Amino acid sequence: MASELISVPYALSTTQRVVVAKHRNHFGRKTVTHATAKIHVICGYSTKEEDAQLIGRRSANYQPNLWTYEFLHQSHHNHHVVDKVEERARKLEEKVRYRMMNSSDMEPLNLLELIDDLHRLGLSYKFQNHINSALSRIHSSQYMHLHTHKTLHATAILFRILRQHAFHVSQDVFESFTDDEKNFKPEIGNDVQGVLSLYEASHLSFEKENLCEKAKTISATNLMNIISKDETENKVKESTRSVLEGLPYHHSPYRVEARRYIDTYHKKEPHNQLLLELAKLDFNMVQSLYQQELQQMKRWWRDMGLAIKLSFARDRLMESFFWSLGIVSHPNLSYCRKELTKVATLVTVLDDVYDVYGTLDELELFTDAVERWDVNAINNLPDYMILCFLALYNTINEMAFDIFKDYAVKCLPYLKKAWCDLCKSLLQEAKWSNNKVVPRLKEYLENGSVSCSGGVFLTHSFFLLNQEITEPALHSLINYHNLLRSSSTVFRISNDLATSTDEMECGETANSITCYMNETGGSEEDARRNLRSLIDEAWKNMNRCLVMDSTFDKSFIEVAMNLARIAQFTYQHGDGHGRPDNRSKTRIKSLLVDPIPVNVPT
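If you're matching positions, the sequence shown starts at 315 in our numbering and goes up one per residue.
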């Protein structure tokens with residue numbers, strides 16, 4: 315067949331640009347959809363031997379991209395107004411910083427509540443050093459011993475804030491609220507603020523902390539009782555219902571929580587009006603930064619061409635950027651966020667190749683090509699896979715080049731291994747599906763904690779954070795440390811809980827729910843209950859990694875926890891990535907599109 319030489323859509327550099335032969339026919343394939351089956355009969359060029367043959371391929375019938383990105387062209391601001399906003403924000407920030415620098419005269423409880431507000435309003439990154447100093451004073455003072463028993467709220471917020479910042483504090487601080495049998499006293503149910511604080515604190519427990527487990531159970535029960543009582547004030551019912559229906563704060567993406575808390579903070583009594591104004595201004599300024607990053611990613615994704623050439627794959631740039639934002643939201647981590655967006659889009663495409671489009675023989679060839687990491691391997695691939703492989707190869711090589719150039723870190727072997735492990739695990743799932751095999755749950759989760767792509771995101775984050783990299787940390791990374799495994803387990807199970815029904819309709823046989831049901835004979839509800847308990851155990855493992863000594867830097871541990879957070883959030887009400895609905899779109903808009911109304915300084 316006649317061919318012409320063209321450059322790949324996205325190349326590494328002038329020294330590593332790859333030139334490949336492309337058939338004059340477009341990669342897009344004619345598709346005839348049968349009315350009674352989710353099978354596409356496709357005329358294509360899967361391999362040299364299959365030219366002009368008909369190949370049956372599955373289709374997931376993914377919905378099209380929901381976004382037009384028009385808001386990116388409408389987000390330009392008057393420079394004079396921007397300068398005024400930034401000036402006002404700086405003045406407010408200095409006032410808060412002065413208060414934090416002179417916080418030694420504050421009552422410890424008031425200081426803890428201020429720190430909590432800074433976190434929930436999305437402002438803590440501006441004052442982190444002052445926050446750490448203040449918490450060190452509290453942790454080393456007599457306050458821990460003299461005041462933790464005074465009120466349930468004071469004790470619970472102390473426990474939560476200290477553990478959240480990697481300070482060790484024992485669950486025994488709650489013993490003064492228990493009876494001789496170590497059960498919480500019934501009268502705590504009358505303390506709404508205390509029960510709410512206890513509920514949030516209980517999610518920072520370690521494994522085998524029975525008192526914290528009791529705290530979680532009794533606080534949830536009491537909160538449900540509060541909602542059911544006729545005499546409970548409506549605003550109390552509203553706030554309590556919001557806590558129970560959403561994710562615990564410790565499990566929520568912090569930027570998502572910031573938008574929600576800013577919108578409701580004025581209802582809190584008392585509240586700090588200066589903090590609220592600063593939070594609104596800062597949120598909008600950071601949102602503007604995110605929009606600039608998204609504009610760059612939009613151009614990159616357009617130039618890559620995969621959304622056009624690979625019509626079977628999901629076009630999820632916006633959702634991918636939102637995902638990366640959930641992993642790293644700090645304004646200073648712009649480069650990391652953009653590179654993780656690239657990773658997320660490529661993961662989505664590869665997932666569709668393995669789950670839906672590729673034949674088993676093709677997937678074997680593609681997995682081998684990724685393992686070899688050699689452009690010569692494309693000679694054995696069908697055209698659509700050549701495009702996928704070169705997009706992956708060039709993007710990751712360029713990323714490794716930039717990291718070495720900027721940080722002098724040789725990361726390419728680790729990045730390659732992460733992608734190779736991902737492809738091997740996806741291939742295993744394709745084999746299970748093809749052979750109608752339902753593995754045991756343990757085997758499925760061992761493979762699934764890799765196939766979910768958590769290791770890919772965390773490996774790339776590890777090198778993109780510009781943290782100090784030690785040999786012990788590298789060893790833990792490549793050996794899939796418990797931190798990575800726990801975060802990926804939350805990712806895997808959260809995904810399965812949301813997508814299992816759709817996947818079974820597409821012909822897949824293996825997910826954590828079907829594996830549990832097949833192995834135990836239990837019901838679907840039993841399976842879901844068991845899997846949620848595994849998510850809880852994974853969080854306990856991560857909590858311990860945060861507080862106890864670890865080979866990993868605290869910033870990377872936080873990223874691993876953030877991956878679990880964005881996974882739970884994305885799949886909380888369905889498949890927010892693969893099949894985003896109006897709820898998903900509204901949540902993304904609140905962070906990336908809709909600014910918070912503010913009075914512009916004059």
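Ideal placement from N, C-alpha and C gives every residue a C-beta, glycine not left out.
On a predicted model such as this, the values are computed, not experimentally measured, just so you know.
Item, Value
"In terms of residues, what are the limits of the alpha helix (DSSP H) holding K499?", "K499 -> no alpha helix (DSSP H), and no H or E assigned at all."
"For F481, report the span of its alpha helix (DSSP H) as first-last.", "Element bounds for F481: n/a, residue is neither H nor E."
"Please name the residue or residues paired with T492 in a DSSP beta bridge.", "F498"
"Between the segment 587–594 and the segment 567–578, do three or more beta carbon pairs fall short of 8 Å?", "yes"
"Helix, strand or coil for Y579, going by three-state DSSP, please let me know.", "helix"
"With a Cβ-Cβ cutoff of 8 Å, do W687 and K652 count as a contact?", "no"
"Looking at C-alpha atoms only, which residue of R901, V914, V912 and V907 is the closest neighbour of S566?", "R901"
"Report the option in N379, H795 and L778 whose CA atom is closest to the CA atom of S638.", "L778"
"With C650 as the anchor, note down where its alpha helix (DSSP H) starts and where it stops.", "S648 to D666"
"From V751, R799, I849 and S814, pick the residue whose C-alpha is nearest to that of T773; which is it?", "R799"
"According to the Cβ coordinates, are E633 and H453 closer than 8 Å?", "no"
"Taking 8 Å as the threshold, find out whether the segment 651–666 comes into contact with the segment 698–709 through three or more Cβ pairs.", "yes"
"Using a Cβ-Cβ cutoff of less than 6 Å, which residues in the same chain neighbour T350 once the five nearest sequence positions on both sides are dropped?", "Note on T350: pLDDT 28, under 50, position unreliable in the model; the coordinate value appears next. None."
"So the candidates are S775, K464 and S516; which of them puts its Cα closest to the Cα of L877?", "S775"
"Taking Cβ positions, are Q601 and L906 nearer each other than 8 Å?", "yes"
"Contact between the segment 425–437 and the segment 553–569 is defined here as three or more beta-carbon pairs at a separation below 8 Å; is this criterion met?", "yes"
"Can you grab the Cα-Cα spacing for the pair T465 / Q610, in whole Å?", "50 Å"
"What's the gap between the Cα of S447 and the Cα of P696?", "58 Å"
"Can you tell me which of the three DSSP states E364 falls into?", "Summary for E364: the model assigns pLDDT 41, below 50, so the residue's position carries little reliability, and this model does not support an answer."
"Under a three-way DSSP split, which group does N896 fall into?", "helix"
"Nearest-angstrom Cα distance between M831 and G768?", "25 Å"
"List the whole-angstrom C-beta distance separating F883 from G640, where the pair is believed to meet the contact cut-off of C-beta under 8 Å.", "7 Å"
"Between which residues of its own chain and N844 is the CB-CB distance below 7 Å, once the five residues before and five after are set aside?", "Y830"
"With a threshold of 16 other CB atoms inside 10 Å of the CB of P536, please say whether the residue is buried or exposed.", "This sequence places Asn at residue 536; Pro is not what is there. Flag for N536 reads buried."
"Within the segment 835–874, note down every full alpha helix (DSSP H) run reaching 4 residues or more, in order along the chain.", "838–861"
"DSSP on A722, reduced to helix/strand/coil?", "coil"
"Once DSSP output is grouped into helix, strand and coil, what is the label at H340?", "Low local confidence applies: a pLDDT of 34 at H340 is under 50, so the model's placement there is unreliable, with the coordinate-based value given in what follows. Three-state DSSP puts H340 in coil, outside helix and strand."
"Specify, as a first and last residue, the run of the alpha helix (DSSP H) that D596 falls within.", "Q587 to M618"
"In chain order, what residues of the same chain have a beta carbon less than 7 Å from the beta carbon of T970, not counting five sequence neighbours either side?", "The question about residue 970 has no answer here: the residues shown for the chain are numbered 315 through 916."
"Would you please state the rounded distance, in angstroms, between the beta carbons of M856 and A874? I believe it to be under 8 Å.", "7 Å"
"Identify, in the order they occur along the chain, each residue of the same chain with its Cβ nearer than 6 Å to the Cβ of S904, setting aside the five sequence neighbours on each side.", "R573"
"Look at the alpha carbon of L674 and the alpha carbon of L740, and state the distance between them as a whole number of angstroms.", "11 Å"
"Among the residues of its own chain, which have a CB less than 7 Å from the CB of I880, if the five just before and after it don't count?", "P567, W637, G640 and I641"
"DSSP three-state label for V751, please.", "coil"
"Report the rounded CA-to-CA distance for N749 versus D669, giving the unit in angstroms.", "14 Å"
"Hey, N598 and I910: beta-carbon distance below 8 Å or not?", "yes"
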